[in-house]
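To start, the structure under review is shown below, and the notes come after it.
There are 2 protein chains.
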Amino acid sequence: MAAGETGRVATRRAYTGRVISLDVDTVRFPDGSTGELEMVRHPGASAIVPFLSDPAGEDPQILLLRQYRYAALDVLYEVPAGRLDAGEAPLACAHRELLEETGCRAGRMEHLFTMYTTPGFTDEKIHLFLAAELTMGEAHREADEFIELERVPLSRALEMIERGAIQDAKTALAILYAAGFRAGR
Amino acid sequence: MAAGETGRVATRRAYTGRVISLDVDTVRFPDGSTGELEMVRHPGASAIVPFLSDPAGEDPQILLLRQYRYAALDVLYEVPAGRLDAGEAPLACAHRELLEETGCRAGRMEHLFTMYTTPGFTDEKIHLFLAAELTMGEAHREADEFIELERVPLSRALEMIERGAIQDAKTALAILYAAGFRAGR
Chain A
-14 MAAGETGRVA
-4 TRRAYTGRVI
6 SLDVDTVRFP
16 DGSTGELEMV
26 RHPGASAIVP
36 FLSDPAGEDP
46 QILLLRQYRY
56 AALDVLYEVP
66 AGRLDAGEAP
76 LACAHRELLE
86 ETGCRAGRME
96 HLFTMYTTPG
106 FTDEKIHLFL
116 AAELTMGEAH
126 READEFIELE
136 RVPLSRALEM
146 IERGAIQDAK
156 TALAILYAAG
166 FRAGR
Chain B
-14 MAAGETGRVA
-4 TRRAYTGRVI
6 SLDVDTVRFP
16 DGSTGELEMV
26 RHPGASAIVP
36 FLSDPAGEDP
46 QILLLRQYRY
56 AALDVLYEVP
66 AGRLDAGEAP
76 LACAHRELLE
86 ETGCRAGRME
96 HLFTMYTTPG
106 FTDEKIHLFL
116 AAELTMGEAH
126 READEFIELE
136 RVPLSRALEM
146 IERGAIQDAK
156 TALAILYAAG
166 FRAGR
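For the protein sequence lines, the chains are A and B, in the order given.
FYI, this note's numbering numbers position 143 of the first sequence as 128, with every residue one higher than the one before it.
FYI, this note's numbering numbers position 93 of the second sequence as 78, with every residue one higher than the one before it.
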């Protein structure tokens, strides 16, 4: 880092985990001062809105997961999603996770948006995709994934976002993007 | 925890930090099996969309922050937001963070939505609010907050979400909620 440039001055690995790691970094800020920040390091992820019928058609059906989440001590509605493997491109990850979690292969996979989940304490980025032209196969889930699939009309998914029944940020954003926003006041 | 119930079986604090802590928990899953999960513990936060004119009026102005984020090594557009103090209610936090980051007091603060930021590895929830009837005062920021304020018409903020210029998930969702979604295909 050049003198005066913002960014990392020093780093200390506080924890190395299976999914995430935690660094305590000394950071130079825009005013030239330095401070310590806790930063959860994450490889990034892809998330996919799977369309079971033509996305441009009348109220298309999408596939949602009902997934047990320990963080929420509850079952959350989510779109299929998962971490990037080392060196894996977001598009390849989207195809792989869709297949693993739902058993579907997508003839069409369209990038919608890339978001920081919570940039105050993690570098995690999630790449959101729309999947269409699906063919069904067999899901292969990881041991700690507890998932039920549910077919939902897009209009109902949007209504679930409006009333807060979809609580997962990536899922709400991915559906809103895939729908081109919608609703009116 | 009752026998057979899902949830925490055991917990080990792997790191205690200033903002976040990290637990490695043994968890019972819905099928009765157990496994280890890394869980970043966060007190939760409130985020606010500040309206500088009537939210129901013609293309109202909102206030966005341009904030240096080490996680992104970049400046991100965000809405004002911050962590709950111990025992603090989300509404009180929203008023406090709005005042600290923008210097504004809100005559009206309306809850929009509560979201899990990334429930695969953290229990962080963000409570989103719409603030209106603002009176301007003086901001009091924390030492490591580098923020510029920018007035933006709501229509332009929505267009920034569409083209990916707003990359922060809570900010995109909060604005979409405050706008009642919008846009068309």
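We treat Cβ as the ideally placed atom computed from N, Cα and C, and that holds for glycine.
Bear in mind the structure is a predicted one, so any value in this text is a computation, not a measurement.
Exercise. Contact check, A/Thr107 vs B/Gly149 under 8 Å by CB: the rounded distance?
Worked result: Position 122 of the first sequence holds residue 107 of chain A. Position 164 of the second sequence holds residue 149 of chain B. Between B/Gly149 and A/Thr107 the Cβ distance is about 19 Å, and since that is not below 8 Å, they are no contact.
Problem set entry | Where the alpha helix (DSSP H) through A/Pro75 begins and ends | As a position in the first sequence, residue 75 of chain A is number 90, starting the count at 1. Per DSSP, A/Pro75 belongs to the alpha helix (DSSP H) from 75 to 87.
For this session: Please work out which residues of its chain come closer than 8 Å, Cβ to Cβ, to B/Leu158, disregarding the five sequence neighbours upstream and downstream, and give them in chain order.
Result: Counted from its first residue, the second sequence places residue 158 of chain B at position 173. Excluding residues within five positions, the ones whose Cβ falls inside 8 Å are Phe98, Met100, Leu113.
Exercise. Shortest alpha-carbon distance to B/Val64 belongs to which of B/Pro15, B/Leu83, B/Pro28, B/Glu73?
Worked result: Residue numbering aside, residue 64 of chain B sits at position 79 when the second sequence is read from its first letter. The option with the nearest alpha carbon to B/Val64 is B/Leu83.
Exercise. Listed from N- to C-terminal order along the chain, which residues in the segment 35 to 63 of chain A have their beta-carbon within a distance smaller than 7 Å of any beta-carbon of chain B?
Worked result: If you check each beta-carbon in the segment 35 to 63 of chain A against every beta-carbon of chain B, the ones closer than 7 Å belong to Tyr53, Arg54, Tyr55, Ala56, Ala57, Leu58, Leu61.
For this session: For B/Arg3, return the contacting residues in chain A, with the cut-off set at a CB-CB distance below 8 Å.
Result: Start at 1 with the first residue of the second sequence, and residue 3 of chain B comes out as number 18. Within 8 Å Cβ-Cβ: Glu21, Glu23.
Exercise. Should A/Gly17 be flagged as near chain D, meaning a C-beta pair shorter than 8 Å?
Worked result: Any reference to chain D falls outside this structure, whose protein chains are A and B.
Problem set entry | Chain-ordered neighbours of A/Leu7 on chain B, where CB pairs are closer than 7 Å | Within the first sequence, numbered from 1, the residue matching residue 7 of chain A stands at position 22. Those are Tyr0, Leu7, listed as they occur along chain B.
Exercise. CB-CB under 8 Å to B/Gln152, same chain, minus the five flanking residues each way: which ones, in chain order?
Worked result: As a position in the second sequence, residue 152 of chain B is number 167, starting the count at 1. Closer than 8 Å at the Cβ level, and outside the excluded window around B/Gln152, lie Ala57, Leu61, Tyr62.
Exercise. Can you give the beta carbon distance from B/Arg51 to B/Glu123, rounded, assuming they're within the 8 Å contact cut?
Worked result: To locate residue 51 of chain B, count along the second sequence from 1; it is residue 66. To locate residue 123 of chain B, count along the second sequence from 1; it is residue 138. Not quite, the Cβ-Cβ distance comes to about 19 Å (not below 8 Å), so this is no contact.
Exercise. Going straight from the alpha carbon of A/Ala163 to that of A/Val34, what length do you get?
Worked result: Position 178 of the first sequence holds residue 163 of chain A. Position 49 of the first sequence holds residue 34 of chain A. Cα to Cα, A/Ala163 sits roughly 7 Å from A/Val34.
Problem set entry | Unbroken alpha helix (DSSP H) run spanning B/Ile146, endpoints | Working through the second sequence from its first residue, we reach residue 146 of chain B at position 161. Note, B/Ile146: alpha helix (DSSP H), 139 to 147.
Problem set entry | Cβ neighbours of B/Met94 in the same chain (closer than 7 Å, five flanking residues each side left out) | Start at 1 with the first residue of the second sequence, and residue 94 of chain B comes out as number 109. Excluding positions up to five away in sequence, the list reads Leu76, Ala79, His80, Phe114, Ala116.
For this session: Check whether the Cβ of A/Arg(-3) lies closer than 8 Å to any Cβ atom in chain B.
Result: Your numbering for residue -3 of chain A matches position 12 in the first sequence. Not an interface residue.
For this session: Verify the CB distance criterion: does A/Phe114 have a CB-CB separation below 8 Å to chain B?
Result: The count along the first sequence starts at 1 and reaches residue 114 of chain A at position 129. Interface residue (Cβ-Cβ distance to chain B less than 8 Å): A/Phe114 is not classified as such.
Problem set entry | Closer than 8 Å at the beta carbon, the chain B residues around A/Met100 | Taking the first sequence and counting its residues from 1, the one referred to as residue 100 of chain A is at position 115. The contacting residues are Gln152, Asp153, Ala154, Ala157.
For this session: Specify the secondary structure class of B/Ala66 as computed by DSSP and reduced to three states.
Result: Along the second sequence, read from residue 1 onward, the residue named residue 66 of chain B stands at position 81. Residue state for B/Ala66 is assigned as strand, using DSSP reduced to three classes.
For this session: Could you tell me if B/Asp10 is buried or exposed, where buried requires 16 or more neighbouring beta carbons within 10 angstroms of its beta carbon?
Result: Along the second sequence, one-based indexing puts residue 10 of chain B at 25. By the neighbour-count rule (16 or more Cβ atoms within 10 Å), B/Asp10 is buried.
Problem set entry | Cutoff 8 Å: B/Pro104 Cβ touching any chain A Cβ | In the second sequence, residue 104 of chain B corresponds to position 119, counting from 1. It does: the Cβ of B/Pro104 has a partner Cβ on chain A nearer than 8 Å.
For this session: Compare the C-alpha of A/Met24 against each of A/Thr156, A/Glu109, A/Thr120, A/Arg3 and name the closest.
Result: Counting from one through the first sequence, the residue named residue 24 of chain A turns up at place 39. Cα-wise, what sits closest to A/Met24 is A/Glu109.
For this session: For A/Glu21, I'd like the list of residues in its chain whose CB is within less than 8 Å of its CB, leaving aside the five on either flank, ordered along the chain.
Result: Within the first sequence, the letter at position 36 stands for residue 21 of chain A. Same-chain partners within the cutoff: Val9, Asp10, Thr11, Val12.
Exercise. How is B/Ile33 classed by DSSP in three states: helix, strand or coil?
Worked result: As a first step, residue 33 of chain B is located in the second sequence; it is residue number 48 there, counting from the start. Strand.
For this session: Could you name the residues of the same chain whose beta carbon sits closer than 6 Å to that of A/His125, not counting the 5 residues immediately before and after it, in chain order?
Result: The sequence position of residue 125 of chain A within the first sequence is 140, counting from 1. Taken in chain order, the residues that qualify are Glu85.
Exercise. Is the distance from the Cβ of A/Tyr53 to the Cβ of B/Pro15 below 8 Å?
Worked result: Translated into positions along the first sequence, residue 53 of chain A becomes position 68. Translated into positions along the second sequence, residue 15 of chain B becomes position 30. Their beta carbons are under 8 Å apart, which means A/Tyr53 touches B/Pro15 by this criterion.
For this session: Can you tell me which of B/Leu161, B/Glu135, B/Phe131 puts its alpha carbon nearest to the alpha carbon of B/Glu144?
Result: Stepping through the second sequence from its first residue, residue 144 of chain B is reached at position 159. Out of B/Leu161, B/Glu135, B/Phe131, B/Leu161 has the C-alpha closest to the C-alpha of B/Glu144.
For this session: Please report the residue range of the beta strand (DSSP E) in which A/Thr156 lies.
Result: What you label residue 156 of chain A is simply residue 171 of the first sequence in a count that begins at 1. Unbroken run through A/Thr156 is the alpha helix (DSSP H), 154 to 163; no beta strand (DSSP E).
For this session: Report the three-state DSSP secondary structure of B/Leu115 (helix, strand or coil).
Result: Numbered from its first residue, the second sequence carries residue 115 of chain B at position 130. The answer is strand: DSSP assigns B/Leu115 an E or B state.
Exercise. Which term fits B/Ala74, buried or exposed, when burial requires 16 or more other beta carbons within 10 angstroms of its beta carbon?
Worked result: In the second sequence, residue 74 of chain B corresponds to position 89, counting from 1. Only exposed fits B/Ala74, as fewer than 16 other CB atoms lie within 10 angstroms of its CB.
Problem set entry | Identity of the residue in B/Cys89, B/Ser140, B/Val(-6) nearest B/Gly17 by Cα | For the purposes of this step, residue 17 of chain B is taken as residue 32 along the second sequence, with counting starting at 1. Comparing Cα positions, the closest option is B/Val(-6).
For this session: Provide the residue span of the beta strand (DSSP E) that contains A/Val12, from first to last.
Result: In the first sequence, counting from the first residue as 1, residue 12 of chain A sits at position 27. In the DSSP assignment, A/Val12 falls within the beta strand (DSSP E) that extends over 6 to 13.
Problem set entry | Rounded C-alpha distance that separates A/Val4 from B/Leu69 | Stepping through the first sequence from its first residue, residue 4 of chain A is reached at position 19. Stepping through the second sequence from its first residue, residue 69 of chain B is reached at position 84. So the two alpha carbons sit approximately 26 Å from each other.
Exercise. Whose C-beta lies closer than 6 Å to the C-beta of A/Ala(-1) among residues of the same chain, with five residues either side of it excluded?
Worked result: Position 14 of the first sequence holds residue -1 of chain A. So the list reads Leu7, Val9, once near-sequence residues are dropped.
Problem set entry | Contacts that A/Leu161 makes with chain B (C-beta to C-beta distance below 7 Å) | If you number the first sequence from 1, residue 161 of chain A lands on position 176. Think of a sphere of 7 Å around the beta carbon of A/Leu161: the chain B residues whose beta carbon falls inside it are Leu161, Phe166, in chain order.
Exercise. What residues from chain B crowd round A/Thr(-9), counting only those whose CB sits closer than 7 Å?
Worked result: By one-based count along the first sequence, residue -9 of chain A stands at place 6. For A/Thr(-9), the chain B residues whose Cβ falls inside 7 Å of its Cβ are Tyr53, in order along the chain.
Exercise. Who does B/Arg26 pair with in a DSSP beta bridge?
Worked result: For the purposes of this step, residue 26 of chain B is identified with residue 41 of the second sequence, where counting begins at 1. B/Arg26 pairs with B/Ser6.
Exercise. If you draw a straight line from the alpha carbon of A/Met(-14) to that of A/Thr(-4), how long is it in whole angstroms?
Worked result: The sequence position of residue -14 of chain A within the first sequence is 1, counting from 1. The sequence position of residue -4 of chain A within the first sequence is 11, counting from 1. Here A/Met(-14) scores only 46 on pLDDT, less than 50, and its place in the model should not be relied on; the value that follows carries that caveat. For A/Met(-14) and A/Thr(-4), the distance between alpha carbons rounds to 13 Å.
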